[in-house]
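Numbering (the numbering used here) for the sequence shown: 64 to 233. No residue lacks a Cβ here, since even glycine has one placed at the ideal position from N, Cα and C. The next block holds one structure in the form of structure tokens; read it before the comments.
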Amino acid sequence: MAEPLAVSFTAARHLDDQGAACVLSVLATAVPDADCYMTGGCIGGDAFIGQWLYANRPGAQHVVILPADTSRVDPWWLSVRGTPVVLLGGDLTYRDRNVRLVRQAAMVFGFPAYPEDDPRSARSGTWQTIRMARRAGKLCRWDCVRPPYRGRIERSPSEFTPARRITGNG
Numbered sequence: 064m065a066e067p068l069a070v071s072f073t074a075a076r077h078l079d080d081q082g083a084a085c086v087l088s089v090l091a092t093a094v095p096d097a098d099c100y101m102t103g104g105c106i107g108g109d110a111f112i113g114q115w116l117y118a119n120r121p122g123a124q125h126v127v128i129l130p131a132d133t134s135r136v137d138p139w140w141l142s143v144r145g146t147p148v149v150l151l152g153g154d155l156t157y158r159d160r161n162v163r164l165v166r167q168a169a170m171v172f173g174f175p176a177y178p179e180d181d182p183r184s185a186r187s188g189t190w191q192t193i194r195m196a197r198r199a200g201k202l203c204r205w206d207c208v209r210p211p212y213r214g215r216i217e218r219s220p221s222e223f224t225p226a227r228r229i230t231g232n233g
């Protein structure tokens, strides 16, 4: 029996219709069927990804990992039945949440607002998570959700786990 597959996502907080279309294209065509999908639970991209996966991959476990400061958490996460919410207690930060998203996944998909070399990305938590995943050898791809909509496939999902199909629901 194959080892359970967990996939994590990190995404920008501001997601317009064009950015959502970019994310949807990746979700529907590039994300393999997994046993577990994890996000950081923020408003915007995390919520969009979580809601789409919850509706289109109902057989999987859906986990949201939240820092102690829940001020930027989308309320949708707290209303979904059957979704484990992992609340990191105490003084644990967004960085701690990002470390956990990378550590617990076999592969990570990132949806930052802007390219890494853009000055607006200097303090991006999404880019922080993408860099962590890259160093850990777990980064699958990243796709910007705002112009210039750049992206890069760093490793194919099949390099992480062979024989997992991609279901193009949605």
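Segment contact, 8 angstroms Cβ cut-off, at least three pairs: the region 124 to 133 with the region 184 to 191: no
Minimum C-alpha distance to C203 - residue among D79, S142, P178 and S219: S219
Helix, strand or coil at G103 [DSSP, three-state]: coil
Residues bridged to M170 [DSSP beta-bridge criterion]: V70
Exposed unless 16 or more other CB atoms sit within 10 angstroms - verdict on L116: buried
Beta-ladder partner(s) of Q124, from DSSP: C99
First and last residue of the uninterrupted alpha helix (DSSP H) at R204: First-last for R204: L202 to D206, but that is the beta strand (DSSP E), not the alpha helix (DSSP H).
Same chain only: Cβ atoms within 8 angstroms of R135, ignoring 5 sequence neighbours per side: R76, C105 and I106
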